[in-house]
Amino acid sequence: MQRLQTPLTPEVIMELRSGDQVLLSGTVYTARDAAHARLVKTVLAGGELPFPIEGAVLYYVGPTPARPGKVIGSAGPTTSGRMDSYTPELLRRGLKGMIGKGARNQEVRQAIRAYQAVYLGATGGAGALLAQRVKAAEVIAYPELGPEAIFRLEVDELPLIVINDIYGGDLYSQGRQAYLSCR
Amino acid sequence: MKFQWEGRAIRQVPAEKITAVVRELCLEANYRLALGMPEVMAEAAQSENFPMAKEIIKELQANAEIAWAESQPICQDTGMAIVIIELGQEVQITGGSLYLAVDEGVRQGYEEGYLRNSIVGDPILRRNTGDNTPAFIRVEIVPGDKVRIHLLPKGSGSENVSRLAMLKPAQGVEGIKDFVLETMELAGGNACPPYVVGIGIGGTFDGCAYLAKRALLRPVGEANSAQHIAMLEGELLTAINGLGIGPQGFGGSQTALAVHIETAPTHIACLPVAVNLSCHVLRHEVLEV
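These protein sequence lines map, in sequence, to chains U and A. Residues in the first sequence are numbered from -9 upward in steps of one, following my numbering. Residues in the second sequence are numbered from 102 upward in steps of one, following my numbering.
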């Protein structure tokens, strides 16, 4: 299993193929619908983003509140497709990785190839398990959005799978075909 | 407490009691799976032969165990609080509004349980209400002097891929099957398969959607009591699992764990069908007052 470290570099991204299982460590930023709307509005207005986007990895998650003594609550991925309309603009600005679940649209898949990025899947509905890999969490922007605020997370060996790579690979169609052909 | 009204005993239930019960339901429902779910998941883990799919189901089982052991919600989407109340007609709620009492229970339960606030007060303005209220409440009047309260914390991923169609009666069972399979195809891996598929057939436009949601309350894997509907449930489960979508959509035989259908009488010109999906994190608790 490959180990990845953030920020992601073009060299590392070139090595990744859909279906690869990876363990990601380092810093990721959370962003869901409302945060995406603000991020894109900010960049289009020429403003400064609340985190360095070059090589950054976004995790589509709105965690539950942390209990006392815990770093974070449950923290699994939300459906990525709702972020599709915002994603190409962020990829154009240097975003390199996205973590979520579910299929991306054609524009995003094309932008992943054009800007040499990667879309990684985390297991949807495994938020308690995934939370164990989060070592630190801090709200860095939009606290008024509650669970939709942007958190900076430090993750240690977050288990992920490559869904869309820069070569046009798509695990949703490949996985299903592989199953149906071996049935 | 009971009192006589026109010769009949009326049981009084304080609104505070409703609040306490809803609070308790919130604190229980988000950390464990609904009745029947662990069993169908175990069966799925057994029968799934595609290696990655099998691995994913085991991961989901491990997640459920961690959630219970560590008091972490099974899923970060602790949902809309869907509250279905079977209200005995010999019950009077006293000392406050039933609906506000439920909301207060949700407010307390979601805060004390470290559960996520996932509700916006207005669908256009989209400001988070900050306490996961309002709850989404349905009241059914039933015989008796008990109050049964169901809580179904419903995630948005699976709610977003749910659909309804007003079919022509001529389309019949084949039309129903086609619509359900088309819905599953559109949902694909987006809404956390393996799914539990709630289906409503018949009734009105709005009533059909509620039947589909109501179908998710049945203990998972239990068949409809009408033989022809139970048969349709079985046929649909086989057809859905033939699609090959699989756990998380990465391919496999376990796309759905169960199909539950509820039906209702309808108009001579109507054949409504609704599909309300649940992800593999189906949560449902019920308490009786």
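From the three backbone atoms N, C-alpha and C, an ideal C-beta is built for every residue, glycine too. All values derive from a computational prediction rather than experimental measurement.
Beta-carbon proximity list for residue i, same chain, < 8 Å, skipping 5 on both sides
{"i": "A327 of chain A", "result": "T364"}
{"i": "G350 of chain A", "result": "G289, G290, N291, P294"}
{"i": "L344 of chain A", "result": "L282, M285, E286, T356"}
{"i": "I102 of chain U", "result": "L81, R94, V108, Y109, N154, D155, I156"}
{"i": "G165 of chain U", "result": "G9"}
{"i": "L13 of chain U", "result": "M(-9), Q(-8), R(-7), L(-6), E147, L148, P149, L150"}
Range of the contiguous alpha helix (DSSP H) that encloses residue i
{"i": "P152 of chain A", "result": "152 to 171"}
{"i": "Y169 of chain U", "result": "161 to 172"}
{"i": "T284 of chain A", "result": "273 to 288"}
{"i": "L312 of chain A", "result": "306 to 316"}
{"i": "I330 of chain A", "result": "328 to 342"}
{"i": "I102 of chain U", "result": "96 to 104"}
{"i": "E128 of chain U", "result": "Per DSSP, E128 of chain U belongs to no alpha helix (DSSP H); it is in the beta strand (DSSP E), 124 to 131."}
{"i": "T77 of chain U", "result": "77 to 82"}
Same chain only: Cβ atoms within 7 Å of residue i, ignoring 5 sequence neighbours per side
{"i": "K159 of chain A", "result": "A146"}
{"i": "I40 of chain U", "result": "Before going further, note that residue 40 of chain U is Pro rather than Ile in the sequence given. So the qualifying residues of the chain are I130, A131, I140."}
{"i": "Q173 of chain A", "result": "I167"}
{"i": "G245 of chain A", "result": "G189, E191"}
{"i": "K255 of chain A", "result": "G180, M181, I183"}
Which residues DSSP lists as bridging residue i, in chain order
{"i": "Y49 of chain U", "result": "U:T20, U:I89"}
{"i": "N392 of chain A", "result": "No information on residue 392 of chain A is available, as it lies outside the stretch 102 to 390 that chain A covers here."}
{"i": "S15 of chain U", "result": "U:Q(-5)"}
{"i": "H361 of chain A", "result": "A:G299"}
{"i": "H251 of chain A", "result": "A:I185, A:V387"}
{"i": "T195 of chain A", "result": "A:P115"}
{"i": "N291 of chain A", "result": "Answer is none; N291 of chain A lacks a bridge partner."}
{"i": "L110 of chain U", "result": "U:I89, U:V152"}
{"i": "L39 of chain U", "result": "For L39 of chain U, which the question treats as bridged, DSSP gives no partner whatsoever."}
Under 8 Å by beta carbon: chain U residues contacting residue i
{"i": "H381 of chain A", "result": "G115"}
{"i": "Y215 of chain A", "result": "T54, P55, A56, R57, G63"}
{"i": "P174 of chain A", "result": "T54, G63, S64, G117, A118"}
{"i": "S219 of chain A", "result": "G52, P137"}
{"i": "C371 of chain A", "result": "Under the 8 Å cutoff, chain U gives no residues; its nearest Cβ is about 32 Å from C371 of chain A."}
{"i": "Q349 of chain A", "result": "K91, G111, T113, G114"}
{"i": "L161 of chain A", "result": "T113, G115, A116"}
Partner residues on chain A for residue i, Cβ-Cβ distance less than 8 Å
{"i": "P42 of chain U", "result": "Neighbours of P42 of chain U on chain A: none; closest Cβ ~26 Å, over 8 Å."}
N- and C-terminal bounds of the beta strand (DSSP E) containing residue i
{"i": "E241 of chain A", "result": "237 to 243"}
{"i": "R142 of chain U", "result": "140 to 154"}
{"i": "R264 of chain A", "result": "264 to 268"}
Proximal residues of chain U, C-beta to C-beta of residue i below 7 Å
{"i": "R112 of chain A", "result": "Those within 7 Å of R112 of chain A in chain U number zero; the least Cβ separation is about 37 Å."}
{"i": "T179 of chain A", "result": "T54"}
{"i": "I158 of chain A", "result": "Simply none; closest approach about 10 Å."}
{"i": "L287 of chain A", "result": "Under the 7 Å cutoff, chain U gives no residues; its nearest Cβ is about 10 Å from L287 of chain A."}
Chain-order list of residues whose beta-carbon lies under 6 Å from that of residue i (same chain, five-residue window excluded)
{"i": "L6 of chain U", "result": "V108, V152, D155"}
{"i": "L135 of chain U", "result": "A24"}
{"i": "L85 of chain U", "result": "I43, A46"}
{"i": "A130 of chain A", "result": "L252, P254, R384, E386"}
{"i": "G276 of chain A", "result": "L268"}
Partner residues on chain U for residue i, Cβ-Cβ distance less than 9 Å
{"i": "R227 of chain A", "result": "D23, A24"}
7 Å Cβ cut-off: residues of chain A touching residue i
{"i": "L170 of chain U", "result": "G345"}
### Task
Could you list the residues in the stretch 149 to 167 of chain U with a C-beta less than 9 Å from some C-beta on chain A, going in chain order?
Within the stretch 149 to 167 of chain U, the residues whose Cβ lies closer than 9 Å to any Cβ of chain A are, in chain order, P149, I151, I153, L161, Y162, Q164, G165, R166, Q167.
### Task
Return the residues of the stretch 125 to 150 of chain A that lie within a Cβ-Cβ distance of less than 8 Å from chain U, sorted by chain order.
Shown here is that no member of the stretch 125 to 150 of chain A has a Cβ falling below 8 Å from a Cβ of chain U.
### Task
Check each residue of the stretch 102 to 135 of chain U: if its Cβ is closer than 9 Å to any Cβ of chain A, include it; give the result in chain order.
G111, T113, G114, G115, A116, G117, A118, L119, L120, A121, Q122, E134, L135
### Query
Going along the stretch 72 to 93 of chain U in order, which residues come within less than 9 Å of chain A, judged by CB to CB distance?
R72, K91, G92, A93
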